[in-house]
Amino acid sequence: MKVADIKNVAGIGGGVIGGSWAVLFAMKGLNVKLYDINDDCLANDKKTIVSNLEFLAENGAIEDKDAVLARIQFTTSMEEAVKDAQFIQESGPERLPIKHSMLAEIEKYAPVDAIVATSASGLPLGQITEHAVHPERCVGGHPYNPPHLIPLVEITKTEKTDEANVELAKEFYESLGKEAIVLKKDCPGYICNRLQLAVFREMVDLVERGVCTVEEADKALTFGPAIRWAIFGHNMIMQLGNKDGLKGMMDMLAGGFNLCADIAAWDTIPADYGAKAQKEMDEIMKNLPDEVGHTNAEIAQYRDKMLIDILKLHHKF
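For the numbering used here, count along the sequence shown from 1 and bump the result up by 126.
Printed below as a string of structure tokens:
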């Protein structure tokens, strides 16, 4: 099978991620069947999808939202969802028993040559596919939220995955405008979540030790490193920071980490941190400018508008 042969895509599981994938697939002209466990879930999925399409149309990202929506069918039948699919994107809950159950049902009805990708955000692919009948056609396809806007997708594989299927998945995602990275090893958390967790752990630690507030930690990141990270990755930023490039920066920093000898090393978030941080976050949200919003939905829409502006600079829109 070649990328050009992929016309029908099944989305298994809706919600924020599955619904966003469905929007992307349909935007790119593919026929999509979105499966969820009951009609109430599907109704919520459709509501979210319609909202995303209206937002995209209002911001000039698509011209005909109705035509995009018409390419998405909704079903509570797994058989109906996958029987004609060439590519299947599973976006169920991040729990192994559920992943195992969904994969077993997918394999019961899917064509034997269909690629099965999981949106799992941390579980190793080897654990997800340990009971698979055809592990050779299974890959990890971890997106960044929201998948219909953020280009990154991390592709994982196991020793049982057929390399031809890995390459096909990569080419397929790239045909959708994604920036696909194939991990050399199956790794818990993959690349970006591990990078995020390292930053987040230090942010939590700084707040817990009274160095800064939640708001100040976010402000430091937003108006410092994150602005540069929206242009280049950290290795390139380091390359530009020294006349001798990345190696010169490493030589300059040799032993420099001793300056932060107390860098966070714990692996369990303090039990009461969530409640304390949420209290401060509620106050932060209340005091945001009206143009940004005061609820999760309003702020997410503001975020997505900013994402489109950034993506335009990267020629992704």
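All C-beta atoms in this analysis are idealised placements derived from N, C-alpha and C, irrespective of residue type, glycine included.
CB Pro261 to CB Lys286, shorter than 8 Å? Here residue 261 refers to the residue found at position 135 when the sequence shown is read from its first residue. Here residue 286 refers to the residue found at position 160 when the sequence shown is read from its first residue. Taking 8 Å as the Cβ cut-off, Pro261 and Lys286 qualify as a contacting pair.
Do Glu216 and Ala243 have their CB atoms nearer than 8 Å? For this step, residue 216 is matched to residue 90 along the sequence shown. For this step, residue 243 is matched to residue 117 along the sequence shown. Cβ distance < 8 Å, so Glu216 and Ala243 count as in contact.
Is Leu266 near Ala290, with beta carbons less than 8 Å apart? Here residue 266 corresponds to residue number 140 of the sequence shown, with the count starting at 1. Here residue 290 corresponds to residue number 164 of the sequence shown, with the count starting at 1. The question names Leu, but residue 266 is Gly in the sequence shown. No.
Please classify Ile389 as buried or exposed, where buried requires at least 16 neighbouring CB atoms within 10 angstroms. Along the sequence shown, one-based indexing puts residue 389 at 263. With fewer than 16 Cβ atoms within 10 Å of its Cβ, Ile389 is classed as exposed.
For the stretch 218-244, list the beta strand (DSSP E) runs that are entirely contained and at least 3 residues long, ordered along the chain. 241-244
Considering just the uninterrupted stretch of the alpha helix (DSSP H) at His360, what are its terminal residues? Counting from 1 along the sequence shown, the entry for residue 360 is found at position 234. Note, His360: alpha helix (DSSP H), 360-366.
Is the Cβ-Cβ distance between Leu150 and His274 less than 8 Å? Along the sequence shown, one-based indexing puts residue 150 at 24. Along the sequence shown, one-based indexing puts residue 274 at 148. It is a contact, given that the beta carbons lie within the stated cut-off.
Beta-bridge partners of His268, as assigned by DSSP: The residue given as residue 268 occupies position 142 in the sequence shown. As DSSP reads the structure, His268 sits in a beta bridge with Glu280.
Have a look at Lys86 and Leu251 and give me their C-alpha separation to the nearest angstrom. Residue 86 falls outside the range modelled here, since the chain spans only 127 to 443, and no answer is possible.
Which first and last residues belong to the alpha helix (DSSP H) in which Ala148 is found? Within the sequence shown, residue 148 is the residue found at index 22, counting from 1. Counting along the chain, the alpha helix (DSSP H) containing Ala148 begins and ends at 141-153.
Here's a check: name, in chain order, each residue in its chain whose Cβ is nearer than 8 Å to the Cβ of Glu406, leaving out the five neighbours to either side. Counted from its first residue, the sequence shown places residue 406 at position 280. Closer than 8 Å at the Cβ level, and outside the excluded window around Glu406, lie Thr339, Val340, Glu341.
Can you look up Tyr316 in the DSSP assignment and give me helix, strand or coil? Taking the first residue of the sequence shown as 1, we reach residue 316 at position 190. Coil at Tyr316, not helix or strand.
State the CB to CB distance for the pair Gln212 and Asn157, rounded to an integer number of angstroms; the pair is presumed to be in contact (CB under 8 Å). Taking the sequence shown and counting its residues from 1, one reaches residue 212 at position 86. Taking the sequence shown and counting its residues from 1, one reaches residue 157 at position 31. In this structure Gln212 does not touch Asn157 by the C-beta definition: roughly 10 Å separates them, more than the 8 Å allowed.
Do Cys318 and Leu372 have their beta-carbon atoms positioned less than 8 Å apart in this structure? The residue you call residue 372 lines up with position 246 of the sequence shown. The residue you call residue 318 lines up with position 192 of the sequence shown. The answer is no: Cβ separation not under 8 Å.
Please report the residue range of the beta strand (DSSP E) in which Ala187 lies. As a working mapping, residue 187 is identified with position 61 in the sequence shown. Premise fails: Ala187 is in no beta strand (DSSP E) and is neither H nor E.
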